[in-house]
Every structure is written in structure tokens, then in C-alpha cells.
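Taken in order, these protein sequences are the chains called Y and E. Under the working numbering, the first residue of the first sequence is numbered 1, with each subsequent residue one higher. Under the working numbering, the first residue of the second sequence is numbered 471, with each subsequent residue one higher. Note that the Cβ used here is the ideal one computed from N, Cα and C, for glycine as well. Here's the structure we're looking at; comments come further down.
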Amino acid sequence: MKKKLVSMLLCTTMVATLLVGCGSKTEEAAPAAEATEEAAPAEEAASAEEAEAAGYEGEISIMHFSTSEESEGNGGSDGFRTMIAEWKNENKTVDLKENVLANDEYKTQIATLAAAGDLPDVFLLQGMNTKAWAEQGLVMDMSDAIKNSPYAADYKEGFFTPFKDADGKIYALPALTGGTCTAVVYDKQMWKDAGYETFPTTWDDVLAAKEKFAADSIDTIAFGNGGKWQANSCYMSTLGNLYTGKEWFESIINKGGAKFTDEAFVNALTFSQEAFASGVFNADFNAITNEDAREYYIAGDAAAFIGGNWDVSYIMATLLADDEEKYNNIGFATLPNPADATAATNSQNIGMGYGVAINSKVAEDPAKLAAAINLAYKLTGADFSNFVAENYALSGLTAVADVDLSAFDQITQDFYNFSYVDTNPCEIYDSYVNGAVWDVFNTGLQNMLNGDEEPAKLAADTQAAYEANY
Amino acid sequence: MLKSIKPKGRTIFLYLCIPVIWYVFSVFIPLITAMFYSLFEWKGGPNKSFIGITNYVALIKDSVFWISFSHNIYLVLLCIVGQVGIAFVFVLMINSRLVKLKGIHRTFGFFPSTVSAVSIGFIWMMIYDYKRGILNWFLTITGNSESVKVWLNEPSLVMLLVSIPLVWQFIGYYMVILLSAISSVDNEIFEVAELDGANAFQRAIYIVLPLIKNTILVCITLCVAGNMKAFDHIYTMTEGGPGTSSMVMAMYGYKISFAQMNMGYGSAISVGIFVLSLLVIGGMQKFLNILMKDKGVA
């Protein structure tokens, strides 16, 4: 009898837990809708209070992707983690629950949580998700918080663009470091031996250099597009700008009439197809990732490499540890201009792809909201910018008055100047528009670079996805 | 069973409730909700709008989905021959009197199926690697350097190349199932057949096959079901590329749902995968029954 009772009890508990677990999801969905309506007044109250974290006692959940592994050598991640640790120390009454995932897993998980209307209180919002998530009422409008920020005067306005909606409301404070996504890293000695003092500024010279490198079975430029996004973020976005100029992409963002089928953009695609067929790049560019391609450069199998700031930090750290001579030969350059690309020169795409955003539900509790805003200020404010400037010669959202570069070696200084001083910045395509468009574009781009798809067809498919989804 | 220790019907029922409820919540409810969500335009988040069967109409016209389906069918056919077929041959070989150290063969044969799919994917990526891969190295030293290729970037070959690791991994799995089926058959039958002068091939087709017919059917069903939802190996190796040359249905559903954030259409794809898998599995079983009847296997 006793046994039966116990088993009955266990069973009922289990069913009950399952039902409760299921029920709570549906319950949560309802307040989410209310929260959006309430968001506006609550937020005014919060900004009026000057967003003091003190006074809030409770839990704040935060999700981000600055893992401890990632933070080794990566200035942005290191700074982000350091700021979180400092903030925890300064606000002992708040129980900050961190959920840290690697970037790839983070993107999937945050998308799932957004779909379920169950986002954490504070999280990193990707530029291209801003409009869709704002429309759904998932993220809080932070325009007032930004206006009232103690660092408002020092914010670099341009970085906010990916986080704005059509009405100009801003939904996130750009986080981590502003870094280039398209840098040509080259070995000065190898190019000198081939007869070039610096990396060529025209594509024809690159083609000529290829002949010399090929004779020694060295790839001229290493590139990896195995993940499909690299050719978009770390190549097309800058090369496209050389052909179309900035206005074209601004018009794409604002639906101002520009089309992916416009002649200039199709020309950029056509050139890319020829460039990747010319043998300048490693033959396996579509089968390996950027992580593999940069190893070709490090091993001396390629004379140059194209990648983002994260690849540059890795190359610099690895060479500094293993091969100081090769480290000192690192040079940085922008993509050389093809002969028919005349809309821009000396371009590189730079921006801040993620911003600290706050779940709109947090606005229900003004004290909690104030603490969350205070955390967002800390993660993107002067402390962070000073930290990354002093330790890594990198730059964040908040401008730092006098960056003293003298403490850094020549290569680090060169990269700082390449990223922030000597080049013309342009936008990172996939910080804008949305995943539905870029997934179609990236998949077709991989085919096109293989020579299996016509540039015009890729342009038309992308345009169709753009019209249907954006 | 002794009456005194036989549990009451109600107790059995309650204990069985646990797995049944678990199953209902992890399989049945998601299926129903996917069917429900597939009727909406839902780009993630709380707002959805009802659009009826529009997603299904789009699915029927979606060429990428049907290309992915054809890749799944290719995978299924290759794996039935490769996994179950080769496993059957191996089982006959291991069972033969000539083979020594049967335990070792069994263990090593089964070993790959215990390795995670992602590791298998990485191992085979290293084999296929253009510059440092063992395949191109072998071709070069044997004087076939003109056949050296960027293997995973060949649209016409990539499906075959990503299938090979799948076949390799699961041969051992089906081997173990078939071995246990054969070991339950009385050994005398095989001995008598041998005395009667049946050769190895005849014994395999006319004696072993009919006796383990039901197990083979189970293996083929498992193989079809497994390959209709193939995802992890291919995701690790190519992410469906180049372009959509190695895209399979599950990966397409994932891409639509999470890369394109189109949950409504993604749900419609999941339902599509479910329906097509049922059809393929059902069709396969019918077909095999007919085939076995023709062979005189009843």
C-alpha cells in the first residue's frame, strides 16, 4: 500500500511539473505584449532618476559571448569581462546572472529565446536583428537612456546607425570594440622579394604579382569562405563599396530605391567572380574557414590574407609568440581597386556589430530598469574605452581624448592607424538589413565565386529576398 | 510469473505513464505545435499573423526544399546499400568459421558509431583537405596529381563525399543488430545447409536472409529514418555548401528558422519533413515486402 502511494505521488508530481513547465511559457507570452505598451512611461521615469543602480536589490540576467577563452588576446572580450566584474563589485546588492556562450551558439540561442519571447534582461543585440525585434516589442527603446547617459557627449554617433529603426529610435548601446572586418594583412618581406615595396593599390598589380608567387607555389592571398558569411562580411561589403559608393548601401538600408540588381553592384559581383577564378586566392577558399586560411599566412604558404580584426589579433598574437621576424614584417592594406571601380578608394568596413540591449519586460520594474541601464552604461562607457585603448590600442563606443600609442610596438600602432585613422570607413553589410536576405545572398555568393552561378542571377535572387523580407 | 510478485495492472500503468508522458511532451506536442505554427507568418517574437496554408503553397514551389529532399533520398539509398548491405556482408564474414578473434572484429567494427558526429565530420574534413589531406597526399604520391581536387567544393561529388563518413560510422551499428539476430538462429540449420552443398552465397540469400528478414526490415527502417533527418555530419563538413549542393531537409529547416528567422515557414518545412519521411518509410516497407515475397521469403 505504502509503495503504491509513493509511486502515485511521484507520478503526480512529475505530471504536475511537466504541466507547470509548459504552462509558464504561455503565461509569459501575455505580459510580453503588455510590456511593450507600458515600456514608454516607465522608461521616462527611469531616465529621470539618472539611472542609479544603487537601490535595486534582486536579480538581473545577462547573456553574452565573451567567454574566458575568447578574452585571451581579444581586447573587446577582455574589456567586456573586466567591466562586468567591476560592475558586480560596485553593485553588490544586484545578483547578476551571467549566461556566457561561444558566439555561434549565442546567435542560435538568442534567436530561439527571441522567438519564444523569453529574452534575458540584458543581452547583445545584433545590428541586423534590430528592426525585426523592435517591431515585435522585444527590445526596449533606449533613445532617452542614450540621451541622458553620462557619456552622451563622447559617443561616436555613427556607431548607433545599425541599432536604429525607421523612426530613428535607438535600441542598443553599441558594445565591444569597433574593428575592421576587411583588412589585407601582408608579409612585407615576401612582397619586397616579389618586387613590391608595399601592397599594390590596383588589382592589375596583384594579378602581376600572382605570377611571381605562383612560381614558388605560394598563394598570393589566403581567404576562407567555408562558413559562407566570410565572403560577405570580410570581402564583398568593402569591395561593393568601391563600386557603388556609400549612398547606394544607405539607400538599401532606408529602402530608398537602390537595388541589388543595380549595375554597379552587379559589376562588383562580376569582378569578384573573375578575381576568385584568377588563381590569386587559394584554390580551397570555399572549403576552408577563415581560421584555416589565416594559418596559411602564418605558415608562409600565402603572401597575404584577407580577414577581420579578430583574425588580425590572432595572427599578431601567434606570430609574436612563434616568429618575431615575421611579426615585424606584418603590413596592413585596404583592398586594391579594380580598374572599373571608381566610386571609392582606400576603403575598409568598420563598425560595431553588437549592442547592449534591454528586454522590454524589464521596464515593468523601474528600479531594475535603472540598474540594467547603469550596467549598459558601464559596459560601453568611458571605463571600457579606456581599458581597451590602454591595453590593446582598440577603440569602443566612447571616444578617448588622447590615446597614447607610444607604449605599443610598431605593428600594433600600424593596425590602430589602419583601423581608425588612415582609411575611409564604410558599412558592414550584414550589420544591417536582415538574416533572410543575407542567407540567400551568402549561399548564392558561394556558388557564384565557384563559377557555378551568374552574377546577374545572384543579384536577382538577393533582390527578390530583399523585397519579400525587408 | 508468480502471482504474489506480479504487480497490479494499475501499478504497471502508472510506471508506463512516465515514458509515455515524456514521449508525448518531447515528440508529440512539438509536432502538433509545429503544425499550428506552420499556419502563421511568424518571424520570431510574440507577433504572429494567420496566413492559412500559404507556407505550404510556398513549400511546394520551393526548389531548394525539393533539391534537399532529393539529397536525402540519395543519402537513404546509398546508406541502405552502404550501411545495412556492408554490415550484412561483414556479419557473414565474421560468422564464418575461418575468421578468428571475432570479439575484436565486433568491437572495432562498432567503435566508430560511438564517436560524436562532429568529431567524425572533422576527421573526414582532414582526410578531404586540399593542402594537407590524406586523400590528396595519396593521389600525389601515386602519381595521380592531376586528380587532386578541393573535394568538398565539387558540387557534383560533394553529396557522395559527405555520405561516406555516415556509411563508415554506422556499419558497426547495424552489424551488431544483425549479429544478434543471426546468433539467435539455430546453428544446425547452417551446418545442414553446408552439408547439403549450398555455397556461401546461396546460404546468405536463401537461408540467412529469410531467417532474419524482420531484423533487416527494422534495420532498413532505422536507416531510412536516420537519414531522412541527417544533419550533424554534413553541417560540420560543408554547412550544405557549396551553395546548396549538399543541403538536406533538416538543415534547410534549421537555416530558414534560425538564420533567416522565419519560424512559421521553418515549421512548415518540419511538417513537410515529417510527412515525406512517413511516405518514404511506408513506401520502403511495402516495396521490401513485395520484393521478399518474390524471393519466396514469406
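CA nearest to the CA of Leu-379/Y, picked from Asp-452/Y, Lys-192/Y, Gly-396/Y | The shortest Cα separation from Leu-379/Y among Asp-452/Y, Lys-192/Y, Gly-396/Y belongs to Gly-396/Y.
Contact list for Asn-450/Y against chain E, beta-carbon separation under 8 angstroms | Close to Asn-450/Y, with beta-carbon spacing below 8 angstroms, are these residues of chain E in chain order: Asn-623, Pro-625, Pro-712, Gly-713.
Candidates Asn-91/Y, Ala-407/Y, Ser-385/Y: closest to Asp-78/Y by CA position = Minimum Cα distance to Asp-78/Y is reached at Ser-385/Y.
Could you tell me which of Arg-81/Y, Gly-58/Y, Asn-89/Y sits nearest to Asn-99/Y, measuring between CA atoms?
-> With distances taken between Cα atoms, Asn-99/Y lies closest to Arg-81/Y.
Given 8 angstroms, three or more beta-carbon pairs between the stretch 291-310 of chain Y and the stretch 158-171 of chain Y | Cβ pair count under 8 angstroms is below three, so no.
Just to confirm, are Trp-512/E and Ser-737/E a CB contact at a threshold of 9 angstroms?
-> At a Cβ-Cβ threshold of 9 angstroms, Trp-512/E and Ser-737/E count as neighbours.
Over what stretch of residues does the alpha helix (DSSP H) that includes Asn-373/Y continue unbroken?
-> One point to set straight first is that residue 373/Y is Ile, not Asn, in the sequence displayed. Ile-373/Y -> alpha helix (DSSP H) spans 366-380.
Determine whether the Cβ of Glu-616/E lies closer than 9 angstroms to any Cβ atom of chain Y.
-> Cβ-Cβ to chain Y under 9 angstroms: no for Glu-616/E.
So, does the CB of Asn-517/E fall closer than 9 angstroms to a CB anywhere in chain Y?
-> Chain Y, which has a Cβ nearer than 9 angstroms to the Cβ of Asn-517/E, makes this yes.
According to the Cβ coordinates, are Ala-303/Y and Asp-204/Y closer than 9 angstroms?
-> Cβ distance not < 9 angstroms, so Ala-303/Y and Asp-204/Y don't count as in contact.
Sort His-64/Y, Ala-172/Y, Gly-75/Y, Gly-245/Y by Cα distance to Tyr-106/Y and report the nearest one.
-> When each option's Cα is compared against that of Tyr-106/Y, the closest is His-64/Y.
Could you name the residues of the same chain whose beta carbon sits closer than 6 angstroms to that of Gln-639/E, not counting the 5 residues immediately before and after it, in chain order?
-> Excluding sequence positions up to five before and after Gln-639/E, its CB lies within less than 6 angstroms of the CB of Pro-582, Ser-583, Ile-590, all in the same chain and listed in chain order.
Does the stretch 243-254 of chain Y touch the stretch 423-436 of chain Y, meaning 3 or more C-beta pairs lie closer than 8 angstroms?
-> Contact holds: three or more Cβ-Cβ distances are below 8 angstroms.
Report the partner residues of Gln-348/Y according to the DSSP bridge assignment.
-> According to the DSSP secondary-structure assignment, Gln-348/Y is paired through a beta bridge with Pro-425/Y.
Can at least three beta-carbon pairs, one atom from the stretch 530-550 of chain E and one from the stretch 627-638 of chain E, be found at a separation below 8 angstroms?
-> Counting C-beta pairs closer than 8 angstroms gives three or more between the stretch 530-550 of chain E and the stretch 627-638 of chain E, which meets the contact rule.
When DSSP builds the beta bridges, which residues end up paired with Val-184/Y?
-> Paired residue(s): Ile-306/Y, Ala-333/Y.
Which residue from Asp-284/Y, Glu-291/Y, Asn-290/Y, Asp-118/Y puts its Cα closest to that of Asn-606/E?
-> Closest by alpha carbon: Asp-284/Y.
Is there a Cβ from chain E that is less than 9 angstroms from the Cβ of Ile-252/Y?
-> Using beta-carbon distances, Ile-252/Y does not count as an interface residue toward chain E, since no partner is under 9 angstroms.
On the three-state DSSP scale, how would you describe Gln-136/Y?
-> The answer is coil: DSSP assigns Gln-136/Y none of H, G, I, E or B.
Where the alpha helix (DSSP H) containing Thr-177/Y begins and where it ends = Counting along the chain, no alpha helix (DSSP H) covers Thr-177/Y, and no H or E run does either.
Note down the Cα distance separating Leu-486/E from Val-497/E, rounded to an integer number of angstroms.
-> If you draw a straight line from the Cα of Leu-486/E to the Cα of Val-497/E, it comes to about 16 angstroms.
Can you round the beta-carbon distance between Thr-182/Y and Thr-238/Y to whole angstroms, since I take them to be within the 8 angstroms contact cut?
-> Rounded, the Cβ-Cβ distance is 4 angstroms, consistent with contact.
Excluding sequence positions up to five away, which residues of its chain have a Cβ less than 7 angstroms from the Cβ of Asn-623/E?
-> These residues qualify, in order along the chain: Pro-712.
Relative to the C-alpha of Phe-332/Y, which residue among Thr-423/Y, Ala-372/Y, Ala-468/Y, Thr-220/Y is closest?
-> Selected option, being the one with the closest Cα: Thr-423/Y.
Evaluate Glu-72/Y with the Cβ neighbour count: other Cβ atoms within 10 Å of its Cβ, from every protein chain shown; 16 or more gives buried, anything less gives exposed.
-> The residue is exposed, with fewer than 16 neighbouring Cβ atoms inside 10 Å.
For chain E, is any of its Cβ atoms less than 9 angstroms away from the one on Leu-242/Y?
-> No, Leu-242/Y does not count as interfacial toward chain E.
Which residues share a DSSP beta bridge with Leu-96/Y?
-> Residue pairing of Leu-96/Y in beta bridges, as defined by DSSP: Ile-60/Y.
If you check the beta carbons only, do Pro-625/E and Asn-232/Y fall under 9 angstroms apart?
-> Not closer than 9 angstroms, so no.
Kindly say whether Asn-447/Y, judged by its beta-carbon, lies nearer than 9 angstroms to any beta-carbon of chain E.
-> Chain E contact via Cβ: present.
For Tyr-600/E, go through chain Y and note every residue whose CB falls closer than 9 angstroms to its CB, in chain order.
-> Asn-282, Ala-283, Asp-284, Ala-287, Ile-288, listed in chain order.
Please state if the CB of Ile-652/E and the CB of Ile-675/E are separated by a distance shorter than 9 angstroms.
-> For the 9 angstroms CB-CB criterion, Ile-675/E and Ile-652/E do not form a contact.
Within 10 angstroms of its Cβ, does Thr-202/Y collect 16 or more other Cβ (buried), or is it exposed?
-> A residue is called buried when at least 16 other Cβ atoms come within 10 angstroms of its Cβ; Thr-202/Y does not meet this threshold and is exposed.
Look at the alpha carbon of Tyr-493/E and the alpha carbon of Phe-483/E, and state the distance between them as a whole number of angstroms.
-> Going from the Cα of Tyr-493/E to the Cα of Phe-483/E covers about 15 angstroms.
Pull up the CB-CB distance for Gln-755/E and Thr-691/E, whole angstroms please, since I reckon it's below 8 angstroms.
-> Contact holds; Cβ gap of about 7 angstroms.
Out of Ile-521/E, Leu-568/E, Met-707/E, point me to the one whose CA is closest to Tyr-598/E's CA.
-> Nearest to Tyr-598/E by alpha-carbon distance, out of Ile-521/E, Leu-568/E, Met-707/E, is Met-707/E.
Would you please state the rounded distance, in angstroms, between the beta carbons of Ala-695/E and Ser-650/E? I believe it to be under 8 angstroms.
-> Actually they are not in contact, since the Cβ atoms of Ala-695/E and Ser-650/E sit about 20 angstroms apart, beyond 8 angstroms.
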